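To start, the structure itself, in structure tokens.
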Amino acid sequence: MAAGVLLVVAACGSPGSSDSGSTGGAETTTAAPDEPGPAVCEPMADDQLVVLADDQNLQTVDNIVPAVNAAVAEASPGLIAVLDSVSETLDTPTLIGLNKAVDVDRQTSSAVAEQYLADTGLDSQDDVGGGIAVTVGAANFSESATLAEIYAGALRAAGFDADVQTIGNRETYEPALELGDLTVVPEYAGTLTEFLNKKINGADAEPVASSDLDTTMAELTALGEQAGIVLGQPAAAQDQNAFAVTVAFAEANGVSTLSELAETCGGIVLGGPPECPERTFCQPGLEEVYDLEISEFTSLDAGGPLTKAALTQGEVTLGLVFSSDAALATE
0 MAAGVLLVVA ACGSPGSSDS GSTGGAETTT AAPDEPGPAV CEPMADDQLV VLADDQNLQT
60 VDNIVPAVNA AVAEASPGLI AVLDSVSETL DTPTLIGLNK AVDVDRQTSS AVAEQYLADT
120 GLDSQDDVGG GIAVTVGAAN FSESATLAEI YAGALRAAGF DADVQTIGNR ETYEPALELG
180 DLTVVPEYAG TLTEFLNKKI NGADAEPVAS SDLDTTMAEL TALGEQAGIV LGQPAAAQDQ
240 NAFAVTVAFA EANGVSTLSE LAETCGGIVL GGPPECPERT FCQPGLEEVY DLEISEFTSL
300 DAGGPLTKAA LTQGEVTLGL VFSSDAALAT E
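Here numbering that gives the first Met the number 0 is used: the first residue of the sequence shown is 0, the next is one more, and so on.
In structure tokens form, the structure reads like this:
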């Protein structure tokens, strides 16, 4: 996620590929460093947040990617090309706008999708479907529902008889995709890679998804072959973990990246989900990859309203958010 993206707090849920953690208020304190570090930078309250760039690639890529039942894709060679045309239109600011239309402006996913298809010209396609019936699966959160409606609308425009079925979480819809009960699902490259990796190679399998999209897609394609799933073109749009500070804090300390934060500030108070102190992408990664000095951790939620409120109220310095949060506004 690029630096310079502002987060304006709104009372809405945060769609995403990550699961939300339980809430709480407990704090743990890490030991102070043996040698003097950067000056302590106190949290600063503000009603706007800015995402700091992950310039050393701590996070795994999670680009939106169409996951398609392999047998249907083979029988209908034009199907993936239609889905790829959707991917070509999606970047992260666009995804944020779609989420805002549903989660903040309270439009339906189907209405937002219809408008998006018209605006992008995706409602006009060559007829490659020949009336073949296909089912687009959606997970049980609004971002997935909107993407599924966009996929279905583009497929209808291309001559497919497409409908949308909301089927729950990945543990439910992925087997349905393998069996062909679902034709296509909007997925997340890194998250699906690790889901299939653990399903195929065991719960203790070493992670194969990374911050490199090409490498992750190569791993995902190989795992997909074993599961009977083929992948379309990944979109530029991502829904991944990101870290934010208030705009007032960023401006006062002259930071726009996590590296700059680590070089400039010590004594950071970090807020996030309860599992953050044990997760590589969260506190351990910030400390090991960025050498960030974290003095306290506050247990809140995963990119949700508690974390955003703690940031804006000046209770924590740095908080975990999601890069496609509906409350994000680009400048």
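C-beta atoms are modelled at their ideal positions from N, C-alpha and C, and glycine is treated no differently. Computed from a predicted model, the values in this text were never measured in an experiment.
Mapping the DSSP letters down to three states, classify residue i as helix, strand or coil.
{"i": "Gly158", "result": "coil"}
{"i": "Gln312", "result": "coil"}
{"i": "Glu177", "result": "helix"}
{"i": "Val71", "result": "helix"}
{"i": "Glu41", "result": "coil"}
{"i": "Asn196", "result": "helix"}
{"i": "Ser298", "result": "strand"}
{"i": "Gln114", "result": "helix"}
{"i": "Leu89", "result": "coil"}
{"i": "Ile79", "result": "helix"}
{"i": "Thr29", "result": "For Thr29, the predicted structure reports a pLDDT of 45, less than 50, and the residue's modelled location is therefore unreliable. A value from the coordinates is still provided. The answer is coil: DSSP assigns Thr29 none of H, G, I, E or B."}
{"i": "Pro304", "result": "helix"}
{"i": "Thr256", "result": "strand"}
{"i": "Pro273", "result": "coil"}
{"i": "Ser19", "result": "Model confidence at Ser19 stands at a pLDDT of 33, short of 50, so the residue's coordinates are unreliable; what they give is reported in the following sentence. Reduced to three states, the DSSP call for Ser19 is coil."}
{"i": "Gly318", "result": "strand"}
{"i": "Glu186", "result": "strand"}
{"i": "Gly24", "result": "Reliability fails at Gly24, whose pLDDT of 40 lies under 50, so the model's placement of it is uncertain and the value that follows must be treated cautiously. The answer is coil: DSSP assigns Gly24 none of H, G, I, E or B."}
{"i": "Val288", "result": "helix"}
{"i": "Leu222", "result": "helix"}
{"i": "Leu57", "result": "coil"}
{"i": "Ala325", "result": "coil"}
{"i": "Ala363", "result": "For the chain, the structure presents residues 0 to 330; residue 363 sits outside this window and is missing."}
{"i": "Thr279", "result": "coil"}
{"i": "Thr165", "result": "strand"}
Whose CA, out of the options, lies closest to the CA of residue i?
{"i": "Tyr289", "options": "Asn62, Leu260, Leu191, Thr214", "result": "Leu260"}
{"i": "Ala230", "options": "Ala208, Leu57, Val39, Val67", "result": "In the sequence as displayed, the identity of residue 230 is Leu instead of Ala. For Leu230, the nearest C-alpha among the options comes from Val67."}
{"i": "Leu94", "options": "Gly318, Val64, Val81", "result": "Val64"}
{"i": "Leu195", "options": "Asp118, Gly129, Gly227", "result": "Gly227"}
{"i": "Asp180", "options": "Ala188, Tyr187, Thr171", "result": "Thr171"}
{"i": "Ala190", "options": "Glu41, Gln58, Ala52", "result": "In the sequence on display, residue 190 carries Thr and not Ala. Nearest option by C-alpha distance: Gln58."}
{"i": "Ser141", "options": "Asp162, Gly96, Ala117", "result": "Gly96"}
{"i": "Ser322", "options": "Leu51, Asn240, Gly313, Ser86", "result": "Asn240"}
{"i": "Ile149", "options": "Ser109, Leu285, Tyr187, Leu51", "result": "Ser109"}
{"i": "Ala204", "options": "Glu224, Glu193, Ala112", "result": "Glu193"}
{"i": "Leu116", "options": "Ala69, Arg155, Thr182, Pro92", "result": "Arg155"}
{"i": "Thr297", "options": "Thr316, Thr279, Ala74, Asp125", "result": "Thr316"}
{"i": "Gln312", "options": "Asp45, Ala38, Gly36", "result": "Asp45"}
{"i": "Thr134", "options": "Ala175, Ser255, Ala38, Tyr187", "result": "Ala175"}
{"i": "Ala70", "options": "Asn139, Arg169, Val183, Gly36", "result": "Val183"}
{"i": "Gln47", "options": "Leu319, Lys307, Glu314, Leu82", "result": "Lys307"}
{"i": "Pro273", "options": "Ser255, Glu295, Glu262", "result": "Glu295"}
{"i": "Asp53", "options": "Val254, Asp162, Leu78", "result": "Val254"}
Given that a residue counts as buried once 16 or more other Cβ atoms are within 10 Å of its Cβ, and exposed if not, what is residue i?
{"i": "Ile342", "result": "One cannot answer for residue 342 here, as it falls past the ends of the chain, which runs 0 to 330."}
{"i": "Pro233", "result": "buried"}
{"i": "Pro206", "result": "exposed"}
{"i": "Asp160", "result": "exposed"}
{"i": "Glu287", "result": "exposed"}
{"i": "Ser123", "result": "exposed"}
{"i": "Glu292", "result": "buried"}
{"i": "Glu87", "result": "exposed"}
{"i": "Pro76", "result": "exposed"}
{"i": "Arg105", "result": "exposed"}
{"i": "Lys197", "result": "exposed"}
{"i": "Asp118", "result": "exposed"}
{"i": "Gly302", "result": "buried"}
Taking the DSSP output, what are the residues bridged to residue i?
{"i": "Leu94", "result": "Bridge partners of Leu94: none, in fact."}
{"i": "Ile149", "result": "Paired residues: none, contrary to the question."}
{"i": "Ile63", "result": "Tyr187"}
{"i": "Ala132", "result": "Asp160"}
{"i": "Gln237", "result": "Asn62"}
{"i": "Ala144", "result": "Paired residue(s): none; Ala144 is not in a bridge."}
{"i": "Leu230", "result": "Ala66"}
{"i": "Val373", "result": "Past the edges of the chain, shown from 0 to 330, lies residue 373, and the structure says nothing about it."}
If contacts are defined as beta-carbon pairs under 8 angstroms, then residue i and residue j qualify, I think. What distance do you get, rounded to the angstrom?
{"i": "Gly120", "j": "Ala157", "result": "That belief does not hold up - the Cβ atoms of Gly120 and Ala157 are roughly 13 angstroms apart, past 8 angstroms."}
{"i": "Asp90", "j": "Ala235", "result": "4 angstroms"}
{"i": "Leu310", "j": "Gly271", "result": "So it is not a contact: roughly 11 angstroms between Cβ atoms."}
{"i": "Pro185", "j": "Leu222", "result": "About 18 angstroms separates the two Cβ atoms, so there is no contact after all."}
{"i": "Cys40", "j": "Cys264", "result": "3 angstroms"}
{"i": "Ser258", "j": "Gln55", "result": "6 angstroms"}
{"i": "Ala243", "j": "Val103", "result": "Contact doesn't hold; Cβ gap of about 18 angstroms is too wide."}
{"i": "Gln237", "j": "Asp61", "result": "5 angstroms"}
Against chain C, with Cβ distances strictly below 8 angstroms, would residue i count as a contact?
{"i": "Thr145", "result": "Judged by its chain identifiers, the structure shown contains no chain C, having just a single protein chain."}
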